[in-house]
C-alpha cells in the first residue's frame, strides 16, 4: 500500500499549502477549509428556509392541465412560483443551487476527512453516519426533481420504476411504495412531497448521530463566510436562472433530460448500464457494493499501512491516581470517566479510560500532575528522548 | 489605512443597497410615485433612475434574452413580453446587488476581525 500512503501524504501536503495560502488572505479565523463540516450545515438551513417558502405555494397533483387552463397541477404551481410570485424564481433558484452546493461541500468534507485520517478508530460512527447522510441528501434532491412534474420528472420517475422492476418481488413492493399505488397518480406526487420534506427532517436526526460522538463540533461558519457563500449562491442564481421543462404528459414518452450531475448521476449511470444485458441488476450491484466499500473504509487494517498500526488507548496507573479529575476535564473526546475509587483507597474517585473513545492524543498525560496517566506505546521517557533528538538535530 | 478601507466598503454596501437594489426592484428606471412623505429626497433618486433608464433597458434585454434562451432549450415558448417581465428581470438583478453588498460586508468583517485571529503566544516570564 505504498502508493496509497504516498497519495495521502501528497494530498495532505497540497492541502496544507492551500491552507497556508488561504490563511494569509483570510486568517485562520475565516479560512473556509476549517469549516468544511459546517458549510453543508449552512446550506441545509438555506434549503429549509427556501423550501418552506416554496412549500407555501406548491400543489402536488398531476392533473392534466393540457385539458383545461383552469386545472392547476404541480407544474403550474411551480410556474406560478417562478414567474408570478415576487422573487419566486429567485427562491426557487436559491433552493436548487443551495442543494447542489450542499452536495459539493459534503464531498469536499468527505475528501478532507479521508486524507487527514479522521475516520479511524472511534470515529467510525461519524464516517458511517456520514455515508448514510450523503445518500439521504442525494435521494431528497432527486425527489425535488420529481416535484416539478415536467418531462424530466416523468422520465426520472419512469426510470426509477424500471430500476425497481429489475429487483424481482422486492422491486414490486418498492415500486408500489414509490408510486404510492400501482401507477402514477396524484397520490404519487403527495408521496414524493412527503419523502422530500419528511426525509429532510430525518436528516436532523442523522446529523445528531453524526455530531454526538464529537466534542465541540463546529456547526456554524463565521458570519463572513456565510455572507460569501450566500453571495456566491445568489450570483449563480442570477447567472443561471431556473426554468422548468415542458409540463409532463403521461401519454408522451420523453427520452432526454437536462442532467444535474450532483443529484442525477445515478440516472446517468442507469441509462448507460441499462442498455447492457442484465444492466439493471449490474447497476444495483454497483450501487450496493459501492456503498459497502464506502462504509468499510474505517475498518482497521484495510487502508492503514502496516508500518502505522492503530495506537493503543491511554492507561491509568491506579496506585498513582488521586481522582483530581484534571484529565477528565481536559480530555477533548470525553474518553475518561470518573468512577468511585475501590474500597480502602485514600481518594474518593478514580479515573477510567474508555478505550473505544480514546484517540491517544496525550492531552491527559500532559494534564496529570501525578504521572498517573500514560500512553503505553509512548512513555514520558520516550517523548523526552525524541524532543532532545529533535533539538539536537535543529542545532 | 484599514479603517479607510472598511469605511469605503461600508459606504459601498450602503450605496448598493439603497440605489442598486431599489432601482432593480422597481424594474429599472421606473419613476418613483405615491410617496408623499418622502417626496423631496426621493425626487433626486427618481431623476437619477430616469437618467439610468436606458442602461436599465439594456440590462432588461440581456436578462430577458437569457431567460428566453433557457426556456427554448427546455422546449418552452418564450415567456410573453408583458408588464411582469421587466419586474422579473429586476428581481434577478436585485439579488446580484445583494450578492455584491454581502461580499463587501464579508470583506469588511474579515478586515475588522483580522486582529483577533492572529495567534498571540504568551510566554510566561520567569520571576
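Chains as they are written, first to last, in this note's numbering: chain S, 16 to 410; chain D, 22 to 148.
Ideal placement from N, C-alpha and C gives every residue a C-beta, glycine not left out.
These numbers come from a predicted model, not from an experiment.
{"Asked": "I'd like the span of the alpha helix (DSSP H) that includes residue 281(S), first residue to last.", "Found": "276–288"}
{"Asked": "Strictly below 7 Å CB to CB, what residues from chain S border residue 45(D)?", "Found": "The premise fails here: residue 45(D) is roughly 11 Å from chain S at the closest Cβ pair, so nothing lies under 7 Å."}
{"Asked": "List the residues of chain S whose Cβ lies closer than 7 Å to the Cβ of residue 119(D), in chain order.", "Found": "249"}
{"Asked": "Please list, in chain order, the chain S residues whose beta carbon lies closer than 8 Å to that of residue 123(D).", "Found": "242, 243, 245, 246, 249"}
{"Asked": "Which residues mark the beginning and the end of the alpha helix (DSSP H) in which residue 217(S) is found?", "Found": "201–227"}
{"Asked": "Spatial neighbours of residue 214(S) within its chain, please: CB distance less than 8 Å, with the 5 preceding and 5 following residues excluded, ordered by chain position.", "Found": "151, 154, 155, 158"}
{"Asked": "Could you check if residue 386(S) is buried or exposed, using at least 16 other CB atoms within 10 Å of its CB as the buried criterion?", "Found": "exposed"}
{"Asked": "Just list the residues that DSSP pairs residue 364(S) with in beta bridges.", "Found": "355(S)"}
{"Asked": "Whose C-beta lies closer than 8 Å to the C-beta of residue 27(S) among residues of the same chain, with five residues either side of it excluded?", "Found": "130, 131"}
{"Asked": "Does residue 114(D) come within less than 9 Å of chain S when only Cβ atoms are used?", "Found": "yes"}
{"Asked": "Would the beta-carbon of residue 96(S) fall within 9 Å of that of residue 112(S)?", "Found": "no"}
{"Asked": "Kindly indicate which three-state DSSP category residue 165(S) falls into: helix, strand or coil?", "Found": "strand"}
{"Asked": "Interface residues of chain S around residue 130(D) at Cβ under 9 Å?", "Found": "45, 237, 238, 239, 242"}
{"Asked": "Compare the C-beta of residue 42(S) with all C-beta atoms of chain D and state if any pair is closer than 9 Å.", "Found": "yes"}
{"Asked": "Start and end of the alpha helix (DSSP H) containing residue 310(S)?", "Found": "294–311"}
{"Asked": "Under 9 Å between C-beta atoms, does residue 256(S) make it to chain D?", "Found": "yes"}
{"Asked": "Examine chain S for any beta-carbon lying closer than 9 Å to the beta-carbon of residue 127(D), and answer yes or no.", "Found": "yes"}
{"Asked": "Evaluate the contact criterion for the stretch 47–58 of chain S versus the stretch 231–238 of chain S: three or more CB pairs, one atom per stretch, below 8 Å.", "Found": "yes"}
{"Asked": "Indicate whether at least one CB of chain D lies closer than 9 Å to the CB of residue 93(S).", "Found": "no"}
{"Asked": "Tell me whether the beta-carbon of residue 211(S) lies closer than 9 Å to the beta-carbon of residue 279(S).", "Found": "no"}
{"Asked": "Tell me the DSSP secondary structure of residue 33(D) in three-state form.", "Found": "helix"}
{"Asked": "Are there three or more Cβ pairs, one per stretch, closer than 8 Å when the stretch 62–77 of chain S is compared with the stretch 191–202 of chain S?", "Found": "yes"}
{"Asked": "Checking contacts by CB at 9 Å: is residue 278(S) closer than that to chain D?", "Found": "no"}
{"Asked": "Taking C-beta pairs closer than 7 Å, name the residues in chain D that residue 3(S) reaches, listed in chain order.", "Found": "Residue 3(S) falls outside the range modelled here, since chain S spans only 16 to 410, and no answer is possible."}
{"Asked": "According to DSSP, simplified to helix, strand and coil, what is residue 46(D)?", "Found": "helix"}
{"Asked": "Tell me the DSSP secondary structure of residue 291(S) in three-state form.", "Found": "coil"}
{"Asked": "In this structure, does DSSP put residue 94(S) in helix, strand or coil?", "Found": "helix"}
{"Asked": "So what does residue 331(S) bridge to, in DSSP terms?", "Found": "388(S)"}
{"Asked": "Run through the DSSP bridge pairs and tell me what residue 244(S) is partnered with.", "Found": "None, per the DSSP bridge assignment."}
{"Asked": "Answer with yes or no whether the minimum CB distance from residue 134(D) to chain S is below 9 Å.", "Found": "yes"}
{"Asked": "Is the shortest distance between the beta-carbon of residue 303(S) and the beta-carbons of chain D less than 9 Å?", "Found": "no"}
{"Asked": "Please report the Cβ distance between residue 124(S) and residue 65(S), rounded to the nearest whole angstrom; I am assuming they are in contact, meaning their Cβ atoms lie under 8 Å.", "Found": "No, residue 124(S) and residue 65(S) are not in contact; Cβ-Cβ is about 21 Å, not under 8 Å."}
{"Asked": "Looking only at its own chain, which residues have a Cβ that is under 8 Å from the Cβ of residue 171(S), when we skip the five neighbours before and after it?", "Found": "157, 160, 161, 272, 279, 282"}
{"Asked": "For residue 117(S), which beta-bridge partners are listed by DSSP?", "Found": "DSSP lists no partner for residue 117(S)."}
{"Asked": "Whole angstroms is fine: what's the gap from residue 322(S)'s alpha carbon to residue 20(S)'s?", "Found": "Confidence at residue 322(S) is low in this model, with a pLDDT of 49, below 50, so its placement is unreliable and no value can be given for it."}
{"Asked": "With hydrogens ignored, establish whether the beta-carbon of residue 66(S) is closer than 8 Å to any heavy atom of the ligand MN.", "Found": "Among the components of this structure there are no ligands whatsoever, and the ligand MN is therefore not found."}
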